[in-house]
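*Asks:* Here you go, one structure.
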Amino acid sequence: MADYQFPGQNQWSEKPVIGAGEGESPLVPAPQNEITMRTMASDVASMKEMGGGDPRPYVPSATPISQTPPTPKPPEPQTKVNPVINPMQTTEIPVIPLPPQKSGSAFVIIAVILIVLGLGAIGYFYVYPKFISSETVEVVEEQTTEEITAPQEVITEATTTATTTVEVPPISGLGSHISLFKTAADFSSETTLAVETIAAIKDAWKGTTVEVPVFKETVFKSTDGKILGQSKLVPLFLPSFITTSSSQLFEEDFTLFTYTDQKGVWPGIILKAKTETLEKAKEEAKKIESNLEWRSLFIIDPGKEQTWKDGKVGNTAARYISFTTKGNALSYTWFDNTLLISTNYQGAQDAAKKLGF
């Protein structure tokens, strides 16, 4: 390319002289700075001096550039590269792929679930045990108080019972009476004894004969209103059978009855043996046959006695003895743990039926 020069470039090479007026000295112009201009020729020369070549024109490529973006290749699996300890080499750091990011809603749900579980765990392991422990302590204290009190009462009662059995005489009165008859007697009465003797009892039993038989139960009381038990009345008739010791083989409450027909009045006694002393009571009952004290059971003289024999009252085996006076017959019969003593055979039959045998 040809060099281009601005007009007047050579004129600035010499210093111009400014003229003066008449009578004045000429003025010397001010010194000018040297101005260097870059041109294409100067740039080429400079590039050659720096070791470069001549500039080449730009020729565009003939292959058109595709406008479609390249398809990304799937990431190749990263392999773990064991680093080599060499200061001159670059250690490759394995790239760990990050897990896919979850959506914001899933993160919120997980956070809520974790919070709920955390609150539930705090309530179960810390709050709930405090309430349970406080309630348990109160219940244990109440149970402990009852357990301490109850045994003391039981021990006191047991001691009293033992003392009553060993040291105190047999009970002479009952607060109430329960008949041993399952079917009630035709009549029942309560009689207070001014004196507790056989004569007083027989006076209460005496009566006129009747055409239609009558079965009657009698309860005797003391003057203080207490019901007299078997330990107080039976020894009056059978002192060898019912003694201070043998009376304890039977329940204190017992039943007295009379059977009356056109020939007379015949008494009877019903005792109930205790379950634990039944066999001993049966052995003691055999003493009735060993003497004649049972004659006091009859209201009038029964006559001459015969010998003891085996018989039956209802369908149950019995032992009996008859007398010369008709209608008098003493018998005793065991119905399980119940002992029936009667002075008349028909009276014994009726009493067995009312007992349920």
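Counting from 28, one number per residue, gives the positions in the sequence shown under my numbering. Glycine is no exception: its CB is placed at the ideal position from the N, C-alpha and C atoms. Just so it is clear, the structure is predicted and the values come from calculations on it, not from any experiment.
Take the Cβ of Asp377 as the centre, count every other Cβ of all protein chains shown within 10 Å, and call the residue buried at 16 or more, exposed below.
*Replies:* By 1-based counting over the sequence shown, the position of residue 377 is 350. With 16 or more other Cβ atoms within 10 Å, it is buried.
*Asks:* Given a cut-off of 8 Å, decide if Lys381 and Thr245 are closer than it, judged by their beta-carbon atoms.
*Replies:* Along the sequence shown, read from residue 1 onward, the residue named residue 245 stands at position 218. Along the sequence shown, read from residue 1 onward, the residue named residue 381 stands at position 354. Going by C-beta atoms, Thr245 is not nearer than 8 Å to Lys381.
*Asks:* Out of Lys314, Phe208 and Ile137, which has the shortest C-alpha to C-alpha gap to Thr282?
*Replies:* Your numbering for residue 282 matches position 255 in the sequence shown. Looking at the Cα atoms, Phe208 is the closest of the given residues.
*Asks:* Put Leu265 into one of helix, strand or coil per three-state DSSP.
*Replies:* Taking the sequence shown and counting its residues from 1, the one referred to as residue 265 is at position 238. In the structure shown, Leu265 sits in coil (DSSP, three-state: anything other than H, G, I, E or B).
*Asks:* For Val246, which of helix, strand or coil comes out of DSSP?
*Replies:* On the sequence shown, residue 246 is found 219 positions in, with the first residue counted as 1. Strand, per DSSP.
*Asks:* Return the CA-CA distance between Pro266 and Gln333, expressed in angstroms with no decimal places.
*Replies:* Along the sequence shown, one-based indexing puts residue 266 at 239. Along the sequence shown, one-based indexing puts residue 333 at 306. Near 22 Å, if we compare the C-alpha coordinates of Gln333 and Pro266.
*Asks:* If you check the beta carbons only, do Gly374 and Phe350 fall under 8 Å apart?
*Replies:* As a working note, residue 374 is residue 347 in the sequence shown. As a working note, residue 350 is residue 323 in the sequence shown. No, Cβ-Cβ distance for Gly374 and Phe350 is not below 8 Å.
*Asks:* By the three-class DSSP mapping on this structure, what secondary structure does Thr302 have?
*Replies:* Locating residue 302 in the sequence shown gives position 275, counting from the first residue. Residue state, collapsed to three classes: helix.
*Asks:* Please state whether the Cβ-Cβ distance between Val292 and Thr285 is less than 8 Å.
*Replies:* Against the sequence shown, residue 292 aligns to sequence position 265. Against the sequence shown, residue 285 aligns to sequence position 258. Cβ atoms of Val292 and Thr285: closer than 8 Å.
*Asks:* Kindly indicate which residue of Ser274, Val239 and Ser69 has the alpha-carbon position closest to the one of Val261.
*Replies:* Looking up residue 261 in the sequence shown gives position 234. Nearest C-alpha to Val261: Ser274.
*Asks:* Note down the Cα distance separating Glu316 from Leu220, rounded to an integer number of angstroms.
*Replies:* As a working note, residue 316 is residue 289 in the sequence shown. As a working note, residue 220 is residue 193 in the sequence shown. Those two C-alpha atoms are separated by around 29 Å.
*Asks:* With a threshold of 6 Å on Cβ separation, who are the neighbours of Phe264 within its own chain once the five nearest residues in sequence on each side are excluded?
*Replies:* Position 237 of the sequence shown, counted from the first residue, corresponds to residue 264. The residues are Ser323 and Leu324.
*Asks:* Quick check on this structure: which residue in Pro240, Phe268 and Gly354 has the alpha carbon closest to the alpha carbon of Lys307?
*Replies:* Stepping through the sequence shown from its first residue, residue 307 is reached at position 280. Selected option, being the one with the closest Cα: Phe268.
*Asks:* Measure from the alpha carbon of Ile254 to the alpha carbon of each residue in Ile368, Lys290, Gly234 and Gly202, then state which is nearest.
*Replies:* Start at 1 with the first residue of the sequence shown, and residue 254 comes out as number 227. Among Ile368, Lys290, Gly234 and Gly202, the Cα nearest to that of Ile254 belongs to Gly202.
*Asks:* Please state whether the Cβ-Cβ distance between Asp288 and Thr370 is less than 8 Å.
*Replies:* By 1-based counting over the sequence shown, the position of residue 288 is 261. By 1-based counting over the sequence shown, the position of residue 370 is 343. Taking 8 Å as the Cβ cut-off, Asp288 and Thr370 do not qualify as a contacting pair.
*Asks:* Under three-state DSSP, which class holds Ile297?
*Replies:* If you number the sequence shown from 1, residue 297 lands on position 270. Note: Ile297 maps to strand in three-state DSSP.
*Asks:* If you follow the beta strand (DSSP E) that Gly341 is in, where does it begin and where does it stop?
*Replies:* For the purposes of this step, residue 341 is taken as residue 314 along the sequence shown, with counting starting at 1. Taken as a continuous stretch (DSSP letters only), Gly341 belongs to no beta strand (DSSP E), as it is neither H nor E.
*Asks:* Just the C-alpha distance for Ala345 and Phe277, rounded to the nearest angstrom, thanks.
*Replies:* Counting from one through the sequence shown, the residue named residue 345 turns up at place 318. Counting from one through the sequence shown, the residue named residue 277 turns up at place 250. Ala345 and Phe277: Cα-Cα distance of roughly 19 Å.
*Asks:* What is the DSSP secondary structure of Asp8, reduced to helix, strand or coil?
*Replies:* Since the first residue shown for the chain is 28 and the last is 384, residue 8 is missing from the structure and cannot be characterised.
*Asks:* Gly338: which of Thr250, Leu319, Ala356 and Asp328 sits nearest, CA to CA?
*Replies:* Position 311 of the sequence shown, counted from the first residue, corresponds to residue 338. It is Ala356 whose Cα lies nearest to the Cα of Gly338.
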